[in-house]
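Enquirer: One structure follows; several queries about it will come next.
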Amino acid sequence: MNRYFYYSFVMVAMLNLMLFVPSVLLSERTTGAVSSMLVAIVVGTLTAYAATSALARYPGRGVPEILRLRLPEWIVKMILAIYAFMFFFASSFALIAFTILLNRVLTPDLPVWNLMLILGVLCIYGSTRSSMTLLFMMEITILLLTPLVLFVLFKGFRSPDVAWNAIYAVARYVNVPPTLSSIAAGTFIFTGYTNMAIFNRLNPPNFRLKGRWLIPLFGSGILLTTFFLPIGYHGTMAVDRYTYVWAQTADSMTMSFGFIERVLFLFLLVYLGLTLLYTSVGWHQSIEFLRSMSKSYRFEVDFSKTPKANWWISCVFFGICIASMFVLNEQTNQIIAERWLIFRMFVELATAIFLLVLTRKRPAADAMGDSIGSTQGDAMGDSKGDSKKSAKGEAKA
Amino acid sequence: MSIYKISARFLCLLLAFVILVPTTGCGFIDIDKRFFVVAIAIDKSGNEKKPYRVTIRLSIPSSKTEPGMEKSQIETIDAKEISEGLRILKSHVDKEIDLGHCKVFVLGDELARDDITSATEWMIRRRDIQSSAFVAVGYPDGMSILKKMPLSERYSGNTLFLTFGSDGTKSSFIRPEKLFDLFRRINENGMDPYLPLIRVSKNGYEVDQLNLLDKKRIRLLLSPDETQLFNQIDKETINSTFKTTYKDNSVMLAVTDLRVQYKIQRLPDGRGKLSMHIHIGGTIEEGPSDILSLHSEEVERKLGQDVEKNTIKLLKRIQRAGVDPLHFGLRYRATHKSSTAFEEWQELYPTLQFDVHSTVRIQSAGRIH
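So the sequence lines, in the order shown, correspond to chains A and B.
If you're matching positions, the first sequence starts at 1 in full-length UniProt numbering and goes up one per residue.
If you're matching positions, the second sequence starts at 1 in full-length UniProt numbering and goes up one per residue.
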């Protein structure tokens, strides 16, 4: 199970390499982004550690179940609604932003909502699958795409076109005090752990998360790359003039002996895969949160027949996305993204602390024995018999 | 029950397909109905109302790819704006014009001596133009460069691609400039743009000189020798040569190892000093006999002196023109206090002193000694 956590982490980190985070950071490159990134590495790592430690005490249960253990029902319902919205918003916004980007760069003749139809339908299908299927989907996609992303980044850093002096010149602004929006943008790289909110249901009772030192290592690597590599390519001034700075950076590289010379197209395809995966996973989390609002809901981590509720909720998400395509554009997206990044940082910080407090009294060893006998025992993903039982329970509800 | 289920599924599938129908759009045009532009030249027309002359070179595909057999179509138009010119040109040809393979942009000399900003902004703004395309200045104008059909060309535009790209010739006199780099240099504090100069020769093109620009227009044209030295200092280009004379014999050193280090200091009296050290290692390609055993040290010293003298001369010439293509300013910003560094640099640069040292090591004398 360990590796699934890291797939989720890598997925979010790599996705944010391209969307929103670089543009927020780069616009503040001389007014505090560099020091903010250092703060973000610390804050992001600590939040991830706190949240994963808290969840590790309740293997086999997602956040809805953990909340129900201690809190009155109406608070749980409210919190779950907020989380459902957060996940829906984050993933839909990524999908919308990427669709607009794809439309601008690849298919300018196509109306943008039209492109959204295709991508959205794919996400409906992906998000209605069971949690387990999504984990497998995540594994396959990440294993296929990570080498390509790392290849592009490696190629980028090795190129003689990188002006290292520009990178050093910006790095010297490290003494400017950090800003809230830059810290918020920086911490977003580290938020892959949030998907554990639901996927924790699949963790076996004896689950221990190993290798957490990878979080600061990989996270800060991606964070520094997303900020400094575009500066290396476009200098300290021009970097701020591009609407899609990472698409532009990829376009500035060439593969003379690749099948396609322009790295941009490889990069767009890779990020198409990542965005679809991220949105599917995000919608799935949101669906699960919404359905968990009903107290009688018995979750299943693996099912053979997709529950109708999944389809309905997903279709509503899809509809909202399509509708928003008529309203949103690059400028509004940028403004919303900045505000939203700050909002979500506080929610995530609060959640991490809250979860830590909530689970503080419970020793880890206790959790193991308890979760096996618990009412939510069908959390063990491999027990197919159990999932049928809970399917009946759901039908009754 | 089951029939109902199946039909529901079928309906969903049908719905999905219906959604896909409008997405065919009008974006798709077959490859044989496209005209691939391989190079664009932008000149000044001299006409007040239509200041730009846009020339495009269209590749005509043929079944045979033999050197010299390629065919191109040249279309040219005067227009008020570059993009407008291109749109009118679309009506002059029967196929859809595709800029995706356009890898060379030639700006006319006259335009480059006036203002390149709007032409560059247009190129960088268009999404279908590659950011890694090459930009150059054509002399006397861009159109004559495009009209030249080099003898050895296997397909249209290939000669220019190979000249600037790293797959073909690797000459130390050629300094390619990519579009994104040009845009970076135009905007950057402490880094000024340059553009290579293309001339038409009998069988093809001559690219051995470099134009240095301030943010807008050409300020200085380097000679071929200076261009090579510029490449050597900036990019540490090996496979280049240094030359000197020794006892009325000319000595040529083919460089196999080149390292350039420099440091910019602010002296106590407020003036700046640039200390540069050039390490050169190479083999002798031309020179007196018995050079290695008898005159080695003497020749090394002589080579070193000449390198120092030429380098200082080049740096001073660039300094006098008021441009900074070697990005000394950026280096100063990278090594000094961030917020005030650039203003300081602008004060320092006009009176900057150059202090160049070199060490030359002759590694061998070729097949004869």
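Backbone N, C-alpha and C define an ideal beta-carbon position, used for all residues, glycine too.
According to DSSP, is Ser371 (chain A) part of a helix, a strand, or is it coil?
Expert: No answer about Ser371 (chain A) holds up, because its pLDDT of 44 lies below 50 and its placement is not dependable.
Enquirer: Between Asn187 (chain B) and chain A, is any beta-carbon pair separated by less than 7 Å?
Expert: With 7 Å as the cut-off, Asn187 (chain B) counts as an interface residue toward chain A.
Enquirer: With a cut-off of 8 Å, do at least 3 Cβ pairs link the region 276-295 of chain A to the region 305-320 of chain A?
Expert: Cβ pair count under 8 Å is three or more, so yes.
Enquirer: So if I threshold CB-CB distances at 8 Å, which residues from the region 12-36 of chain A count as touching chain B?
Expert: Going along the region 12-36 of chain A in chain order, one finds Thr30 with a Cβ nearer than 8 Å to chain B.
Enquirer: Please name the residue, chosen from B:Asp214, B:Leu195, B:Arg217, that lies closest to Asp208 (chain B) on a Cα-to-Cα basis.
Expert: Ranking the options by Cα distance to Asp208 (chain B), first place goes to B:Leu195.
Enquirer: What first and last residue would you give for the beta strand (DSSP E) that runs through Ala133 (chain B)?
Expert: From DSSP, Ala133 (chain B) is part of no beta strand (DSSP E); its letter is neither H nor E.
Enquirer: Given this structure, state the Cα-to-Cα distance separating Met276 (chain B) from Gly46 (chain B), to the nearest angstrom.
Expert: If I take the Cα positions, the gap works out to 45 Å.
Enquirer: Starting from His234 (chain A), find everything on chain B with Cβ-Cβ shorter than 7 Å and list it in chain order.
Expert: The contacting residues are Phe180, Arg184.
Enquirer: Output, in chain order, the set of chain B residues within a Cβ distance shorter than 7 Å of Met325 (chain A).
Expert: In chain order: nothing, as chain B lies at least about 13 Å away.
Enquirer: Could you name the residues of chain A that Leu160 (chain B) contacts, counting a contact when the two beta carbons are closer than 9 Å?
Expert: Near Leu160 (chain B) there are no residues of chain A at all, since even the closest Cβ is about 15 Å away, more than 9 Å.
Enquirer: At 7 Å on the CB atoms, spell out the chain A contacts of Gln130 (chain B), in chain order.
Expert: Those within 7 Å of Gln130 (chain B) in chain A are Asp251, Arg262.
Enquirer: Output needed in chain order: residues of the region 198-227 of chain A with a Cβ under 7 Å from some Cβ in chain B.
Expert: Correct list: empty, as no residue qualifies.
Enquirer: Would you call the region 306-323 of chain B and the region 286-297 of chain B touching, i.e. three or more CB-CB distances under 8 Å?
Expert: These segments do not touch.
Enquirer: Determine whether the beta carbon atoms of Ala56 (chain A) and Leu355 (chain A) lie at a separation below 7 Å.
Expert: Not closer than 7 Å, so no.
Enquirer: Please check if any C-beta of chain B sits within less than 7 Å of the C-beta of Asn2 (chain A).
Expert: Taking Cβ atoms only, chain B never reaches closer than 7 Å to Asn2 (chain A), which makes this a no.
Enquirer: List, in order along the chain, the chain A residues whose C-beta lies closer than 9 Å to that of Gly167 (chain B)?
Expert: Sequence inspection shows Asp at residue 167 (chain B); the Gly mentioned does not correspond to that position. Within 9 Å Cβ-Cβ: Ser256, Phe257.
Enquirer: Under 8 Å between beta-carbons, which chain A residues line up against Leu212 (chain B)? List them in chain order, please.
Expert: Near Leu212 (chain B) there are no residues of chain A at all, since even the closest Cβ is about 17 Å away, more than 8 Å.
Enquirer: Please compile the residues from chain B whose C-beta is within a distance smaller than 7 Å of the C-beta of Val105 (chain A).
Expert: Under the 7 Å cutoff, chain B gives Arg127.
Enquirer: In three-state DSSP terms, what is Val54 (chain B)?
Expert: Correct three-state label for Val54 (chain B): strand.
Enquirer: Taking the straight line between their C-alpha atoms, what separation do you get for Ala40 (chain A) and Ser256 (chain A)?
Expert: If I take the Cα positions, the gap works out to 37 Å.
Enquirer: Can you tell me whether DSSP reads Pro64 (chain A) as helix, strand or coil?
Expert: Reduced to three states, the DSSP call for Pro64 (chain A) is helix.
Enquirer: What residue from B:Gly142, B:Ser240, B:Val135, B:Met149 has the CA that sits closest to Gly165 (chain B)'s CA?
Expert: For the residues B:Gly142, B:Ser240, B:Val135, B:Met149, the minimum Cα distance to Gly165 (chain B) belongs to B:Val135.
Enquirer: List the whole-angstrom C-beta distance separating Gly44 (chain A) from Phe190 (chain A), where the pair is believed to meet the contact cut-off of C-beta under 8 Å.
Expert: Rounded, the Cβ-Cβ distance is 3 Å, consistent with contact.
Enquirer: Interface residues of chain B around Ala309 (chain A) at Cβ under 9 Å?
Expert: Ordered by position in chain B, no residue passes the 9 Å Cβ test against Ala309 (chain A), which lies about 16 Å from the chain.
Enquirer: Just the chain B side, please: which residues come within less than 9 Å of Arg241 (chain A) by C-beta, in chain order?
Expert: Going along chain B in sequence order, the residues near Arg241 (chain A) (Cβ under 9 Å) are Ile124, Phe183, Asn187.
Enquirer: What are the residues that DSSP puts in a beta bridge with Pro307 (chain A)?
Expert: Answer by DSSP bridge pairing: none, since Pro307 (chain A) is not bridged.
Enquirer: Looking only at its chain, what residues have a beta carbon closer than 8 Å to the beta carbon of Asn175 (chain A), apart from the 5 residues adjacent to it on each side?
Expert: Excluding sequence neighbours, Asn175 (chain A) sits near Ser35.
Enquirer: Examine chain A for any beta-carbon lying closer than 7 Å to the beta-carbon of Arg333 (chain B), and answer yes or no.
Expert: At least one chain A Cβ lies under 7 Å of Arg333 (chain B).
Enquirer: My assumption, with CB atoms under 8 Å, is that Ile284 (chain B) sits in contact with Leu326 (chain B). Please give the rounded CB distance.
Expert: Going by Cβ atoms, the distance from Ile284 (chain B) to Leu326 (chain B) rounds to 28 Å, so no, they are not a contact pair.
Enquirer: Do Pro59 (chain A) and Phe207 (chain A) count as a contact pair if the criterion is CB distance below 7 Å?
Expert: Contact: yes.
Enquirer: For Asp181 (chain B), count neighbouring Cβ atoms within 10 angstroms of its own Cβ and tell me buried if that reaches 16, exposed if not.
Expert: It counts as buried.
Enquirer: Kindly indicate which three-state DSSP category Pro22 (chain A) falls into: helix, strand or coil?
Expert: Helix, per DSSP.
Enquirer: Using CA atoms only, rank isn't needed, just tell me which of A:Gly235, A:Phe343, A:Thr279 is closest to Ile96 (chain A).
Expert: Cα-wise, what sits closest to Ile96 (chain A) is A:Thr279.
Enquirer: In this structure, does DSSP put Glu347 (chain B) in helix, strand or coil?
Expert: If DSSP states are grouped into helix, strand and coil, Glu347 (chain B) belongs with the helices.
Enquirer: Three Cβ pairs or more, each shorter than 8 Å: is that satisfied between the region 149-166 of chain A and the region 128-137 of chain A?
Expert: Output reads no: the region 128-137 of chain A does not touch the region 149-166 of chain A.
Enquirer: Compare the C-beta of Ala238 (chain A) with all C-beta atoms of chain B and state if any pair is closer than 7 Å.
Expert: With 7 Å as the cut-off, Ala238 (chain A) counts as an interface residue toward chain B.
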